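Numbers in this note's numbering are just positions in the sequence shown, counted from 1, shifted up by 14.
Here the structure is laid out as C-alpha cells; the discussion comes afterwards.
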Amino acid sequence: MIDEGKAIPFFGDSNTGRDYTYIDDIIDGITKCKGLADPTAGKEHLRFSILEEVMPLNWRNLLD
15 MIDEGKAIPF FGDSNTGRDY TYIDDIIDGI TKCKGLADPT AGKEHLRFSI
65 LEEVMPLNWR NLLD
C-alpha cells in the first residue's frame, strides 16, 4: 500500500502500534543469514536475533 501511495487504514482510537516491516525484507534477511558459514567459528559470541521485541516509534512524538 505504501509503495503505491495509498493511505494505510487505521482502526480504533489510533492508540495502537503498528510494524511497517515488509515481510519480503524479513525473508531476504533470513535467507542471507542462512547462507553464512558458521558465524561463531573462532569468536566468543556473534548472534543474529531477529525475534526480539523492539520498541516501535510513535510518529506523533516525532512530529511534536
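Glycine residues also receive a C-beta, built at the ideal position from the N, C-alpha and C atoms.
Only a predicted model underlies this, so the values are computations on that prediction, with no experimental measurement involved.
Exercise. What is the rounded straight-line gap between the Cα of G49 and the Cα of P23?
Worked result: 37 Å
For this session: In the DSSP assignment, find the alpha helix (DSSP H) that holds T45 and state where it starts and stops.
Result: 37-48
Exercise. Using DSSP with H/G/I as helix, E/B as strand and the rest coil, what is I16?
Worked result: helix
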